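Going by the UniProt record's numbering, the first residue of the sequence shown is number 1, and it counts up by one from there.
Below is one structure, written out as structure tokens; the observations come after it.
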Amino acid sequence: MATKHEGSIEGSQDETLYSSHEHDFGRIGHPKEHIAVAENDAYDVYGDEESAEIKYRTMVWWKAAALMLAETVSLGILSIPSVFASLGMVAGCILVISLGAIATATGYLIGLFKLRYPHIHNMADAGMVLAGPIGREVLGAAQIIFMVFLCGSHVLTGLIAFDTITAGASCSVLWAGVTAIICIILTIPRTLNGISYLSVASFISILSAVLITMIGVGVAGHKGGVTARANLSFASAFLSVTDIIFAYAGHVAFFTFISEMRKPEDFPKALYLLQIADTTLYLIVGIVVYAYAGADTVSPALGNTGTILRKIAYGIALPTIIVAGVINGHVCAKLVFIRIFRRDGVKSRHMTTHSWVGWLTWIGICFAIWALAFVIAEVIPFFNDLLGVISSVFASWFTYGISVSATGSDVEIDVMTVGSGYLLVPSDPTIRVVVYTTPETEMCILGGYHSDPNPNLILLQMGAFIMVAGLYASIDSIVEGAMVALKIRPDVTPDSPLEEQPAIGIIGMGSMGVMYVKYLEAGGWKKIYVCDIPSKYEALKEKYQDHSCVTVLRDGHLVSRISDFIMYAVEAEFICKVVEMYGPSTKVGAIVAGQTSVKAPEKIAFEQYLPEDVFIVSCHSLHGPTVSPLGQPLVSVLSFASSSLYVIFEFQVLTKHRAPDEALTLVENILAPLRSRYVYLSYEEHDTVTANTQAVTHAAFLSMGTAWKDELEYPWETGNYVGGIETVKVNIMLRIYSNKWHVYAGLAILNPSARVQIDQYARSVTEIYKLMVAGDDAGLRRRIYNARDRVFGSGMSDGRAPILLSEDILDRFSLGRRPSSASAKANGIYNGNGVPNGNGSTTPGSPGSPRTSRANSHLSLLGMVDCWAQLGIQPFVHLDLAATPIFRMLLGVSEYLFRSPERLESAVNAALYDTTYRANDLEFVVAARGWSQCISFGSFELYQRRFTDTSAFFESRFEDATKLGSAMMQAILDSSQTDGAHLADP
């Protein structure tokens, strides 16, 4: 096929159309002459820019190299170590070097083609030259689709980075949106010259991130499992090969980069710098990370380090993740923009001027591209698999096929049969080029052909093979993933034959792990496999030696390989480390669950370290191990792509994450022996609900215990905190401190919502205390009653039965005794008429049964309700959804105080005018602020020290408190059921 340009080399009216031009691609022409290359600006995509307001052709070669490095290396380098782990060290090195060399050659050919046809700006223009209008539409659409999906991959990678850095502090959709918005803003500059400066920072960013990763895996030491070669199926092996191809797939943007270079003939310099840099980096990172991480190597590469280094690496890599996405988005937007404002070779003034039409069109295109990228990345559940298919189809042709086809476009004419002309001999002896004139038409025609053997034909065949094989491997992966099925029937029960029962694995045999084993074994499951840390192996084996249904294994690898359902019953603080260690050993088709109190780090750990061929249906028991789950609700958490099962105090929370409905059904049946009620939430909803129901309540009682410890007294033994709601407060405080410290630490430290609420609680009690000390009657009443109205409603009646029992029943569970009526009267506590005086309180009710407790400000409860009001939390919304027994009782205490005008007025009066408890209130404020500060530091060690210090003070009272507290909670729950109140307790 010949290309035609008006004018002729000699004798035409426009003798400047072609001129002798020497460039870095070699000396091409007649011996002693150079090739004729079009230089007239009229044939360039942007035309003459001398008077243009927006000048595009301003980049020097090193800026183009920076763009190419940022676009190509950013995501490509993150998958290379896992490729080495799949293919082996030798094959990995050979493929990185060979495919890099071929990509260099094809990039060089694209540069040649661009110089020959200066008007080409993108793949659509190349398609027009190669195949006319049809070629333009096909290749233009292909480039847009490919680049939009590339933008989507950057949105997802940004999401992962933000999620890792913040430990899942917010909804993943939010981070995807943040990434997309940042990319939109940075894509708005109209020229690549400005973005090139960002590209320099981008390259430094990814270089630093992978350096940190290599240092991290080096410090961790060799993990073993390194092989020189691997034994894989063709589909599996070629799927890894496509990752390397994708790592060199920057060619799709080369036409656009060259179009904005000041001297397009300098493109080879940029190309050589790119290929030397990326090939060297791929080799070093692949070899080092794989050599140390071994068979446990994961993708992205930044995930191969520990939690802290991983957060640092992702933080440093954020610029390159975003900037590389911006470059792809810019190139895609420029294609559409040029297509709109350049018709039939004539450009509109809006291309090069600061017109409203030009800018609004450009911004609109940028917004549409990133909005579409965000939507497809978030909505399509199999986005990564679909991206693999699209990359196989398009990256193979853009990197290998199209570049070769382009240089071959002038080869189809048998120039020796078209009349006279002159043969120009290029520096490459395998290429023959003819430039000749036809006097009849005065047309200048450039044609040529390759001498045999034809290396371009070989590369063309290679591109076709890569497309077909890559497409096969990608589709095979999708089909294989879809065919991963449960190994156990979802309707299986403990009565099913032994061979049909699931193998149940528990990793972590702390108190919660032991509780699960207890109920699952009692429920009739016959194949239960457990493990803990190696130092506990012998003791654990001895403990279960007489349990025929329970098998103790040495580590989590053995449990993961054999189990159909695996529960990680480990603390939230260590979930990432434990899953990183044992997750890769998970049995194909198994279901994995987590028993952490905070799901954000668990979600990150599961998604990062579990194989793609397993299901996630996480669970969380929202109750302590000493509480029977009988009759309690079971909450099920549902996410757009996930399911997880959380077992709560009286019920079970289930979250289906990356699993079919059958997997959720199977988990429900496995946990049926707990006889809990199921509640279904998403990962994010779970963390929000648990924060809203537990954060403030735990802060209140942690502070209460610390305050009493600092006063060195057991207040119920002095008669100050005895009877009625004081019984509930004391029992809950002792119950919390009798548990393990980490039960509450994970919620407080790792759940961002909880940290906000605990901080607000400290502020609430401080501000209320200041009003008390100042004697600000109007201010205190206004604040307390506004809080009451916002949390409980001004009508204070919703037709629901109260949670708490009468004080007569609660008194049965008190650790202390009330003062006698005589001593109470002597101390001014009770006036004998059944109504509160200025300093005392009574419980309205039957005459002759006066309450003799001194009026209390109940600062802890006033602060709690005020905190809910300040943050807009409606605790009753979660009462039926995910309320633990402790939360239920605490909410009942608050309700008991705030829904009674007499009790609330008595508390306010005591706060303002009775100083009996003022010292206790001061200690409470100090304790609340101390706990808030402790949690804000994010230190588990500091939390543990503070918790255990207080716990040790009350330890001698735990036994009695546990007995009475359990009986009290059961009485309250039984009463609620009798009265028709709804139960729900995480």
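The beta carbon of each residue, even a glycine, is placed where N, CA and C say it ideally should be.
Quantities reported herein were computed from a predicted structural model and do not represent experimental measurements.
Item: What does the alpha-carbon distance come out to for the pair Lys599 and Thr166?; Value: 13 Å
Item: Going by C-alpha to C-alpha distance, which of Glu607, Met889 and Glu713 sits closest to Thr950?; Value: Glu713
Item: Kindly indicate which three-state DSSP category Val393 falls into: helix, strand or coil?; Value: helix
Item: Looking at the secondary structure, which residues open and close the alpha helix (DSSP H) in which Thr551 lies?; Value: Taken as a continuous stretch (DSSP letters only), Thr551 belongs to no alpha helix (DSSP H), being part of the beta strand (DSSP E) at Val550 to Val552.
Item: Please list the terminal residues of the continuous alpha helix (DSSP H) segment that includes Gly505.; Value: Careful: Gly505 lies outside any alpha helix (DSSP H), inside the beta strand (DSSP E) at Ile504 to Ile507.
Item: Which of the three DSSP states is assigned to Phe937 in this structure?; Value: coil
Item: Taking just the CA atoms, how far does Met567 sit from Arg339?; Value: 55 Å
Item: Any idea if Trp61 is buried or exposed, counting beta-carbon neighbours within 10 angstroms, 16 or more meaning buried?; Value: buried
Item: Quick one: is Gln501 buried, meaning 16 or more other Cβ sit within 10 Å of its Cβ, or exposed?; Value: buried
Item: Where Ala161 and Thr242 are concerned, what is the direct C-alpha to C-alpha distance, given to the nearest angstrom?; Value: 24 Å
Item: With distances taken between CB atoms, is the gap from Ala249 to Ala91 smaller than 8 Å?; Value: no
Item: Here's the rule: buried if 16 or more other CB atoms are within 10 angstroms of the residue's CB, otherwise exposed. What is Phe267?; Value: buried
Item: So for Lys263, helix, strand or coil by DSSP?; Value: coil
Item: DSSP three-state call for Ser738: helix, strand or coil?; Value: helix
Item: Of the choices Pro264, Ser392, Ser560 and Ser857, whose alpha-carbon is the least far from that of Tyr117?; Value: Pro264
Item: Report the partner residues of Met567 according to the DSSP bridge assignment.; Value: Ile506 and Ala593
Item: Taking the CB atoms as reference points, tell me whether Thr706 and Ala927 lie closer together than 8 Å.; Value: yes
Item: Smallest Cα separation from Lys114: which of Leu130, Leu890 and Ile102?; Value: Leu130
Item: Does the beta-carbon distance from Ala464 to Gly152 come in below 8 Å?; Value: no
Item: Starting from the Cα of Ile182, find the closest Cα among Cys867, Gly88, Ala371 and Leu912 and give me that residue.; Value: Ala371
Item: Within 8 Å, do at least three Cβ pairs link the stretch 131–146 to the stretch 279–297?; Value: no
Item: Between which residues of its own chain and Ala911 is the CB-CB distance below 6 Å, once the five residues before and five after are set aside?; Value: Met772 and Ser857
Item: Using only alpha-carbon positions, find the residue among Gly135, Val73, Ile195 and Leu78 that is nearest to residue 1028.; Value: Absent from the structure is residue 1028, since the part of the chain shown begins at 1 and ends at 986.
Item: Can you look up Val530 in the DSSP assignment and give me helix, strand or coil?; Value: strand
Item: Please report the Cβ distance between Gln870 and Ser764, rounded to the nearest whole angstrom; I am assuming they are in contact, meaning their Cβ atoms lie under 8 Å.; Value: 6 Å
Item: Helix, strand or coil, according to DSSP, for Ser496 in the structure here?; Value: coil
Item: Whole angstroms is fine: what's the gap from Leu78's alpha carbon to Gly221's?; Value: 20 Å
Item: In angstroms, rounded to a whole number, what distance separates the CA positions of Pro747 and Gly872?; Value: It should be noted that the sequence gives Leu, not Pro, for residue 747. Straight-line Cα distance between these residues: approximately 20 Å.
Item: In terms of DSSP beta bridges, what is Met59 paired with?; Value: Met261
Item: Mark His354 as exposed unless 16 or more other C-beta atoms lie within 10 angstroms of its C-beta, in which case mark it buried.; Value: exposed
Item: As a quick exercise: from Phe257, Pro300, Arg349 and Asn669, pick the residue whose alpha carbon is nearest that of Ser51.; Value: Arg349
Item: Using 8 Å for Cβ pairs, my map puts Cys867 next to Tyr761. What's the rounded Cβ distance?; Value: 4 Å
Item: Look up Lys347 in the DSSP assignment and give the residues it is bridged to.; Value: Arg342
Item: Quick check: Ser585 and Arg561, are their CB atoms within less than 8 Å of each other?; Value: yes
Item: With DSSP run on the structure shown, which of helix, strand or coil describes Val517?; Value: helix
Item: With 16 other CB atoms within 10 Å as the buried threshold, where does Val433 fall?; Value: Residue placement at Val433 is flagged as unreliable, the pLDDT there being 40, under the threshold of 50; a coordinate-derived value is accordingly withheld.
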